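The structure appears right after this line, and notes come after that.
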Amino acid sequence: MSSPLLELKGPRYGISFTREQAESLIRTHLHETITSFECVDIGYNNLVFFIKTTENRQEYALKIGGQDWIRIKTEAEVRALQLLHEYTTIPAPKVLAYSSDRNNEFGVEWILMTRLPGENLSDVCSRQTLSTNAKKALIRDLADYVAQMHFKVPRHNQIGAFTLDGPIGTDLNKLGPWSTYEQFIRTRAQSERSALNTNPVFAPIKDAMLDAIERFERLPFPSFNHLPFVFSHGDLDFHNILVCMDDPDSPRITGIVDWEWAGSFPCSEEYFTSYNNIKNDSDKDIQEFFFDELEKRNVLTPRTIQRFSLLKKFDQLVTNLASWYLTNLSNPDDPAVSKILQECHSTVQSTLEEIQNELL
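Quick note on numbering: the sequence shown equals residues 1 to 360 in full-length UniProt numbering.
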């Protein structure tokens with residue numbers, strides 16, 4: 001929904017990392033010498049650098065954390081990658097060293113990891129149209145890896161991000177952890193009061209949104225005890241998938257990256273945070289094929305999750321109350337902001353009415 005006219009002052013704003021700093025880090029932790037240091041503009045939240053050294057053919061990726069999510073995001077990603085390597089065969093980077101404490105010599109959080117082979121799938125799709133056979137080959141790989149996340153990694157009885165010491169912690173917004181889906185949704189709705197009350201960008205719709213939160217809080221909630229909490233990537237789309245295209249009709253996934261949003265979440269959530277490229281494919285049979293492949297592997301899908309349409313409405317309501325991409329704008333007076341606010345307001349009102357009709 002965000003407009004290309006809007007300028008986001010994102011988490012990378014004001015963050016930098018020099019080659020000299022990288023040389024010091026690599027010497028300290030790998031005892032190697034850098035020969036190539038390349039900044040890659042592939043993320044909204046972080047700086048990413050690809051590194052080559054004299055001593056090793058293995059290339060490295062250095063991820064520099066942005067301003068937001070102190071400690072939580074770095075540690076969630078490190079723990080997620082540890083779990084993947086311990087329990088699955090999913091091609092994920094291996095953590096070589098990290099610091100989640102900004103009081104280090106560099107003043108930033110960072111993760112040094114192996115660089116995986118392959119091309120970014122978003123880049124591939126930007127320059128060529130994948131055949132149906134190619135899409136299906138990649139979907140089979142993806143379904144295999146999603147099934148491993150759901151069934152190979154031990155499950156937790158709470159919702160939240162991974163922590164280094166084992167228990168599930170808060171999510172990246174410092175909410176939770178939660179023991180039930182109802183707590184998860186209600187807390188997220190309640191938490192939007194802060195942004196609505198303090199950020200002037202929301203002033204035109206503040207009262208209506210606060211009223212919507214109050215109305216939502218009064219609604220009875222059905223039981224969702226049937227909804228398992230599973231290992232979820234949190235942002236599993238083409239921009240975080242690496243592929244080998246040596247055989248254009250039978251490509252394969254060579255890596256899945258950017259695990260900072262990973263954690264233990266209701267299985268429904270990944271259909272709201274991931275798979276957008278598949279859901280938006282011009283060939284609608286591709287999404288059905290994806291669901292077919294997941295269900296063959298006993299992964300619950302929107303076709304098999306009980307009351308999925310209601311869960312989708314809950315997500316639409318919560319994510320439109322105080323949209324995150326309006327909270328950090330360089331140009332909040334842009335006319336596009338007013339249009340987006342009205343769209344959010346309309347979505348919340350219509351979605352809340354649908355939820356009320358279904359629950360009352």
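Note that beta-carbon positions come from the ideal geometry of N, C-alpha and C, so glycine has one too. As the structure is a computational prediction, the values presented were derived from the model and not from experiment.
| Asked | Found |
| --- | --- |
| DSSP three-state call for residue 149: helix, strand or coil? | helix |
| Using the beta-carbon count (16 or more within 10 Å), is residue 359 buried or exposed? | exposed |
| Thinking C-alpha only, which one of 181, 172 and 242 is nearest residue 227? | 181 |
| Given a cut-off of 8 Å, decide if residue 132 and residue 247 are closer than it, judged by their beta-carbon atoms. | no |
| Specify the secondary structure class of residue 267 as computed by DSSP and reduced to three states. | coil |
| Under the assumption that residue 32 contacts residue 55 (Cβ atoms under 8 Å), give the Cβ distance between them as a whole number of angstroms. | 4 Å |
| Nearest-angstrom Cα distance between residue 120 and residue 241? | 6 Å |
| Have a look at residue 313 and residue 276 and give me their C-alpha separation to the nearest angstrom. | 17 Å |
| What does a CB cutoff of less than 6 Å around residue 83 pick up in its chain, not counting 5 residues either side in sequence? | 153 |
| How would you label residue 186, buried or exposed, when you count the other beta carbons within 10 angstroms and need 16 or more for buried? | buried |
| Can you tell me the Cβ-Cβ gap for residue 291 and residue 301, rounded? I've got them flagged as a contact below 8 Å. | 4 Å |
| For residue 133, which three-state DSSP category applies? | helix |
| Name, in chain order, the residues that DSSP records as bridge partners for residue 308. | In the DSSP output, where bridge partners are listed per residue, residue 308 has none listed. |
| From the DSSP secondary-structure annotation, give me the bridge partner or partners of residue 114. | 60 |
| Closest to residue 215 by CA distance: which of 235, 233, 189 and 223 is it? | 189 |
| Would you mind giving the Cβ-Cβ distance between residue 264 and residue 233, rounded to the nearest angstrom? I have them listed as a contact below 8 Å. | Rounded, the Cβ-Cβ distance is 12 Å, inconsistent with contact. |
| Assign residue 40 to one of three DSSP states: helix, strand, or coil. | strand |
| Taking residue 209 as the reference, which of 357, 317 and 166 has the closest Cα? | 317 |
| Among residues of its own chain, excluding the 5 on either side of residue 177, which ones have a beta-carbon nearer than 7 Å to its beta-carbon? | 158, 159, 160, 168, 169 and 170 |
| Does the pairing of the stretch 13 to 31 with the stretch 98 to 108 give three or more beta-carbon distances under 8 Å? | yes |
| Please return the same chain residues whose Cβ sits closer than 8 Å to the Cβ of residue 96, not counting the five positions on each side in sequence. | 29, 30, 60, 112, 113 and 114 |
| When you compare only the Cα positions, how much space is there between residue 99 and residue 219? | 44 Å |
| Is residue 174 helix, strand or coil when you go by DSSP? | coil |
| If the criterion is Cβ atoms closer than 8 Å, does the pair residue 149 and residue 238 meet it? | no |
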